[in-house]
Structure formats: structure tokens, C-alpha cells
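Novice: So that we are looking at the same thing, I have put the structure below in C-alpha cells.
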Amino acid sequence: MDELAELLQKLSPHWQRVRIGYNPPGLVWTKEKPDVWIAPHNSHIVEIKATEIVESRSFKMNHTLRFPRVEKIRYDKNWSECLTTIEFENLRKEASGKLYSRHVKPDDDSDGSPKKKRQMKELPTLASQFRGADLSGISQTSALLSNKEFCVFTSWKTLTKQEIETKIVENGGTVVQNPGPDTFCVLASECTLRVRNIAKVGHYDVARLDWLMAAMEQGVRVLPLWTPADLLSISPQTSEALATQFDKYGDSYTQPATLESLKYSLAQVEKLGDAVQLTPEDLADFDIELFSGPSPYGMFRLCYAYFDKYEKIHDPTSKEISNLYLSELDFCFYGGKSTAFIEEQTTHVVVHSKFLQHLAEIQAINHQRPHKFHLVTDVWIEESVKTRTRQDERSLVVMSTRDMAVCLAVP
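Positions 58 to 468 (the working numbering) are the ones given, in order, by the sequence shown.
Right under this line is the structure:
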């Protein structure tokens, strides 16, 4: 039942309801349609035993299995290694679809009663991945885990459960197969069904194997204290202790944040639904607080720019004839917002210094606006990025003559 529950859990995020009039690519229904379907690449291979292949109009192959039962779930196989339609058809034609272990043919002159070999009854045993390691004769090389008892639930990267247990003993620890009152913690690399069951009990801390393996690989003398990111499940006692050192997002009150701890805390903000959508004005206020003035990383904050790069103004579907791609990337990277049209909030229009064909039209639009925008070239962005300071828009005046336009530097 545990194996079935695990399979259902793996499949549950991928079920999709059948929509009327829509057939998923590569799947064909008959008149009788299922309620839900799953994409083949999200499914798993199962090994099925049946008595024979019989006709059925309920399936597109016009055949189905009689008295089928699942023998094994084959996680060792890729979804694409399933039985093909050609292989199924060959199997059906062989012995008229009978799936018995032996078939009698007309030219078979044997007595039809093969001697039964005496089979030894195979006793049920625990799967190898769940068995404990043979810890006899292991020499201790470190006292890192002295007086600590661990229970290992899963493998870790390329190491098996047994290899991890061996390393624990080598570092002075002890290993049990089921957690008890003296167990320091349970170790797992992911949140499996068994881990979730332990979590429901609430008596044990379930630590990530990354935490322990990193400590052993670094050769530290003292086992590092847990952070919320190191735990898959937390006991009430540990939760109470961590609450004095970390906030609810896992950010330490006393230790500087690292890249990994910051990623974890931000993920917790999203997970708890506490994410706040900051406006450009909010970000500008933060810049002032952090840098005591304009930020060198947000020099274009509160700027909204239209980039004149298309054959027709205000038509993003027209041909792109001016290469302002890198200028637009720099502008947005340093806090600016690019717009597809010249809008009321537009503060800048950026033209290419070597492509000024639309200059007169853009100037006419600006003359009609109650709130004027700055008309600049890509050179203004380039110079601002180079100096990490937003340059005065009036330092480059865009001018036009009868047949051409030039940019004159104003001292």
C-alpha cells in the first residue's frame, strides 16, 4: 500500500481533466472518454500480469487485458521504454492472445505434462535500499558525531544509505534503523512518504543529509548548529529554540546572510504568501536609504523610455531597423522601464545616434504634450552606465537640419 500511495503522490500533480473537443497530442480516445489524463512523459512504467489479451471496443487498440494486476512499479525504467503497439500486436498474435507460460501446439508430440520442478519458497526480505549496513570492523577516524545516534532514511547523491551509515560510524556516531528516544535526528535527502509520517508524529527532527555530509567533508571538529534551511521537519523543542535565533523566514538575527540563506529566506516569503509588490517609487526610496542618494545600480529609476527602433513609430509589429537592443538592456538593468509606445508617463525617448529619420515626427509629438519628455540618444545611456551616474539630458542636444540630424555636445 505504501508503494501505491507513493506512486499516486508522484502522479497527482500531473493529472489533467479531459476537455470536450480537445484531444491531447499523441493520445487518442474512443467514444468512451476518461475523466482525467496524464502526459506520457509524466507517467511511470508498471509491470502487469494477465491471463490473456481479449477484444474490447473501449480502447483504440480494440483489445485489452483480461484479469490484469500490477506486479511491480518499474521506477528503473524510463516512460519511453513501455510496450509499443507493434510489440503488443505481436504478443496478441502469439498463441491467439493467450498469456499462459506454456502453449500446446498441434505438432507438439510431448505428453503435455512437463515435470514440475520443485521450487524453493522465497522468503520475504527487506529491499536492499532499506537494509542497514554491516558496521562490524569499521574503524573510527573522527569524534565529530560522538554520543549521537542517527537514523538514515534515504540515500544522498551517489552514496547509498549503507555508505552513509558507514561514514557516520567512522565519525564516532551510532546508527539505528528506526528512531527511538535516544535518536539525535533522522536524516533524509528529500521529503518522502516515510519522512512525512515521522513529521506527523512530531517527536523527531528530520535533518537534510546535505547538512551532515557538508560537516563531514569539511572536517570540522564541532557539528554545526541547525538553521531552518537544514531541516525537513522540526520537533516542537527545536522549533522553540530556533525561534530565538531566526525570524519566520529563516533569516538569522545575529549572523550575516549568505547567498544560500538569502535564497531560502526569499523562498519562504513566497511560500508564506508575504511577498510585497514594490513600486518604482518604493525602490527609489530604498536607494536613497541604502546609498544616501541616487544608487549607482538604479540610476534610471523612475525613468520610462520609448526606444525608437521600429520602422514605424508606435508599431512594435513593424520591422526593427535601429539597433538599440543593448542600450535598452542597460537602461532596464539599471532601474529604468521601457514602454512599447510613447505614453503619458514616458519621460524619455531614445533614438540611435546614427539613425535620426523619425526625429521630426518625435519632436512634433513632444510639442503637443503638456508634459514634455527628454529626447536623448543611446550615447546618453552609454555615458551614464560608464560613469555610474545619470548624465544631464541637456548635455547632448539632438538637433536636425534639412536633410540630416546631428548630435552636438554642449559643454
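Yeah, the Cβ is synthetic: ideal placement off N, Cα and C, and Gly gets one too.
Since the structure is predicted, the reported quantities are computational estimates derived from the model, not experimental observations.
Just the Cα atoms here: how many angstroms apart are Asp344 and Pro351?
Specialist: 6 Å
Novice: Spatial neighbours of Leu122 within its chain, please: C-beta separation below 7 Å, excluding the five flanking residues on both sides.
Specialist: Sequence-distant partners of Leu122 (beyond 5 residues in either direction) whose C-beta falls short of 7 Å from its own C-beta, in its chain, are Ile105, Ala107, Ile110.
Novice: According to DSSP, Arg131 sits in a beta bridge with which residue or residues?
Specialist: Ile102
Novice: Would Ile102 and Gln73 be called neighbours here (beta carbons separated by less than 8 Å)?
Specialist: Contact: no.
Novice: Ala362 bridges to which residues according to DSSP?
Specialist: Ser395, His405
Novice: Indicate the three-state DSSP secondary structure (helix, strand or coil) for Val442 in the structure shown.
Specialist: helix
Novice: Shortest alpha-carbon distance to Glu89 belongs to which of Phe116, Glu400, Pro97, Lys67?
Specialist: Phe116
Novice: Is it true that the CB of Phe207 sits closer than 8 Å to the CB of Leu244?
Specialist: yes
Novice: Quick check on His71: does DSSP put it in helix, strand or coil?
Specialist: Under the three-state reduction of DSSP output, His71 falls in the helix class.
Novice: From Lys218 to Lys224, what distance separates their C-alpha atoms?
Specialist: 10 Å
Novice: Near Leu340, what residues of its chain come up, given a Cβ to Cβ distance below 8 Å and the 5 sequence neighbours on each side ignored?
Specialist: Same-chain partners within the cutoff: Gly355, Arg358, Gly392.
Novice: For Glu144, count neighbouring C-beta atoms within 10 Å of its own C-beta (all shown protein chains included) and say buried if the count is 16 or more, exposed if not.
Specialist: Taking a 10 Å sphere around the C-beta of Glu144, we find fewer than 16 other C-beta atoms and assign the residue as exposed.
Novice: By the three-class DSSP mapping on this structure, what secondary structure does Cys139 have?
Specialist: coil
Novice: What do you reckon, are the CB atoms on Asp262 and Thr295 nearer than 8 Å?
Specialist: yes
Novice: Thinking just about the alpha-carbon of each residue, which of Asn380, Cys360, Asn147 is nearest to the one in Lys366?
Specialist: Asn380
Novice: Measure the CB-CB distance between His371 and Phe398 and report whether it falls below 8 Å.
Specialist: yes
Novice: Any idea what DSSP makes of Trp437, helix, strand or coil?
Specialist: In the structure shown, Trp437 sits in a helix (DSSP, three-state: H, G or I).
Novice: Which residues does DSSP pair with Tyr367 in a beta bridge?
Specialist: Paired residue(s): Glu377.
Novice: Would you mind working out which of Ser384, Arg265, Lys67 sits nearest Ser100, comparing C-alpha positions?
Specialist: Nearest Cα to Ser100 within the set Ser384, Arg265, Lys67: Lys67.
Novice: Do you know how far the Cα of Lys129 is from the Cα of Val93?
Specialist: Cα to Cα, Val93 sits roughly 23 Å from Lys129.
Novice: Got a sec? Which residues, its chain only, sit under 6 Å from Tyr363 by beta carbon, not counting five neighbours each side?
Specialist: Thr396, Ile399, Thr403, Val406
Novice: Just to confirm the assignment, what range does the beta strand (DSSP E) spanning Leu244 have?
Specialist: 240-245
Novice: Looking at the structure shown, is Arg114 part of a helix, part of a strand, or coil, going by DSSP?
Specialist: coil
Novice: Going by Cα to Cα distance, which pick from Pro337, Glu346, Lys305, Pro313 is closest to Val326?
Specialist: Lys305
Novice: Our contact map puts Arg114 next to Thr142 with C-beta atoms below 8 Å; I'd like the distance itself, whole angstroms only.
Specialist: Not quite, the Cβ-Cβ distance comes to about 17 Å (not below 8 Å), so this is no contact.
Novice: Name the residue from Lys214, Thr301, Ser292 whose alpha carbon lies nearest to the alpha carbon of Ser246.
Specialist: Lys214
Novice: Give the range of the alpha helix (DSSP H) segment to which Phe210 is assigned.
Specialist: No alpha helix (DSSP H) holds Phe210; DSSP gives it neither H nor E.
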